[in-house]
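J.: Numbering (our numbering), first residue to last: 17 to 374.
1) How many angstroms separate the CA atom of residue 352 from the CA atom of residue 297?
2) Using CA atoms only, rank isn't needed, just tell me which of 153, 117 and 173 is closest to residue 197.
3) First and last residue of the beta strand (DSSP E) that includes residue 269?
4) Around the Cβ of residue 178, are there at least 16 other Cβ atoms within 10 angstroms (buried) or fewer (exposed)?
5) Which residues does DSSP pair with residue 77 in a beta bridge?
6) For the beta strand (DSSP E) containing residue 191, name the first residue and the last one.
7) Would you give the residue range spanned by the alpha helix (DSSP H) that residue 435 belongs to?
8) Quick one: measure Cβ to Cβ for residue 275 and residue 190, integer angstroms, because I've assumed they're closer than 8 Å.
9) List the endpoints of the continuous alpha helix (DSSP H) containing residue 40.
10) Taking the alpha helix (DSSP H) that residue 273 falls in, what are its first and last residues?
11) Measure how close the beta-carbons of residue 222 and residue 231 come, nearest whole angstrom, since I'm counting them as under 8 Å.
12) Let me check one thing: in DSSP terms, what residues is residue 156 bridge-paired to?
13) Rounded to whole angstroms, what's the CA-CA distance from residue 433 to residue 44? Just pull it up for me.
14) Could you tell me if residue 208 is buried or exposed, where buried requires 16 or more neighbouring beta carbons within 10 angstroms of its beta carbon?
15) When you compare the CB positions of residue 115 and residue 300, do they come within less than 9 Å of one another, or not?
16) Which value, in whole angstroms, describes the spacing of the CA atoms of residue 315 and residue 327?
17) When you compare only the Cα positions, how much space is there between residue 88 and residue 199?
18) Can you tell me whether residue 339 is buried or exposed, with buried defined as 16 or more other CB within 10 angstroms of its CB?
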């Protein structure tokens, strides 16, 4: 087998050729950041995302240790690709009568699929360089029992910001991460595995800007209050908490505020990747269009899109709440109709929105 340093070089070169902006290698070890994960779960901060509580045969949380999730793994290859586009941030497009879909979901296809295709090219180069049948690899794009931002930190991709996102000094935080677990000990490339210094300093703009106070402390997120969680992962009715519902503003899928206000994103470069270029109808979409969308149109519009994760019922619920937050009484007629919708959650949300506008 070639020397691990040579293999690392092959991997990082393959990542560049596959279109990734950053790549690095991290050893498998119990990073100190993961010590907080069990306490975060125990505090209920994961909300209804029960998949985060996956455990091994001994009942231990898999995500609290890469070695526990994959005992055979020795190294992790981390690849990052920029998805920022030349479109205004949510904080620069204040029209409350139109919805906001997070910029990562504007693209031509689901990032899970597009990033995985690139990641497979890196995996193939790794296997070819190792030239052994004994090599074990696993590729993940937000789908494995791994806290990606932690391994990304130790692979030299960036530091974990106070908004809990991985931030790179040159590219900012608009990055998709892909990881490859491997059974070979890969040598760290020119110190790239050393953690990048935390450059958040005394800045608290992300914490101060969060409308629902989801960032309960620096580097600590309560998912139950997070707009991204509420609009995507939360099933059924949004809790009847005026601060939560009002704080959602015009967001219908995800939230970018804590990244929009981050100083490191002021000069974030725009991606040239074709699959991340925005579909115009998903940038500031019409709320009434979303709220009245039937099942066929939802399936057609969001085929191959991460927006499907919210499901049609969730997207309609979110659009109705956004109408209530718009302050525009032009929505009252439609909301009155939706208050009798056969979907009980949409109907209740519409009734709330009517009361808010009236």
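In this text, a Cβ means the ideal position worked out from N, Cα and C, and glycines have one as well.
T.: Looking at the atomic coordinates:
1) Taking the first residue of the chain shown as position 1, residue 352 is located at position 336. Taking the first residue of the chain shown as position 1, residue 297 is located at position 281. Looking at the two C-alpha atoms, the distance is approximately 26 Å.
2) Translated into positions along the chain shown, residue 197 becomes position 181. The candidate whose alpha carbon is nearest that of residue 197 is 153.
3) What you label residue 269 is simply residue 253 of the chain shown in a count that begins at 1. Per DSSP, the unbroken beta strand (DSSP E) holding residue 269 starts and ends at 267–269.
4) Indexing the chain shown from 1 puts residue 178 at position 162. Buried, since its Cβ has 16 or more Cβ neighbours within 10 Å.
5) Here residue 77 refers to the residue found at position 61 of the chain shown. Residue 77 is bridged to 71.
6) For the purposes of this step, residue 191 is identified with residue 175 of the chain shown, where counting begins at 1. Going by DSSP, residue 191 is part of the beta strand (DSSP E) stretching over 191–198.
7) Absent from the structure is residue 435, since the part of the chain shown begins at 17 and ends at 374.
8) The residue given as residue 275 occupies position 259 in the chain shown. The residue given as residue 190 occupies position 174 in the chain shown. Contact between residue 275 and residue 190 holds: their C-beta atoms lie close to 7 Å from each other, under 8 Å.
9) Working through the chain shown from its first residue, we reach residue 40 at position 24. Careful: residue 40 lies outside any alpha helix (DSSP H), inside the beta strand (DSSP E) at 38–43.
10) Along the chain shown, read from residue 1 onward, the residue named residue 273 stands at position 257. It spans 273–276 - the alpha helix (DSSP H) in which residue 273 sits, taken as one unbroken run.
11) The residue labelled residue 222 in the question sits at position 206 within the chain shown. The residue labelled residue 231 in the question sits at position 215 within the chain shown. Right, the Cβ-Cβ distance comes to about 6 Å (below 8 Å), so this counts as a contact.
12) Position 140 of the chain shown holds residue 156. Among the bridge pairs identified by DSSP, residue 156 is matched with 195.
13) Lying before the first or after the last residue shown, residue 433 is absent from the chain, which here runs from 17 to 374.
14) Translated into the one-based positions of the chain shown, residue 208 becomes position 192. Below a pLDDT of 50, predicted positions are generally treated as unreliable, and residue 208, at 49, falls in that range; no measurement from the model is reported.
15) If you number the chain shown from 1, residue 115 lands on position 99. If you number the chain shown from 1, residue 300 lands on position 284. Contact check for residue 115 against residue 300 passes: the beta carbons are separated by less than 9 Å.
16) As a first step, residue 315 is located in the chain shown; it is residue number 299 there, counting from the start. As a first step, residue 327 is located in the chain shown; it is residue number 311 there, counting from the start. About 10 Å.
17) Working through the chain shown from its first residue, we reach residue 88 at position 72. Working through the chain shown from its first residue, we reach residue 199 at position 183. If you draw a straight line from the Cα of residue 88 to the Cα of residue 199, it is about 6 Å long.
18) Mapped onto the chain shown, residue 339 falls at position 323. By the neighbour-count criterion, in which 16 or more other beta carbons inside 10 Å mark a residue as buried, residue 339 falls on the buried side.
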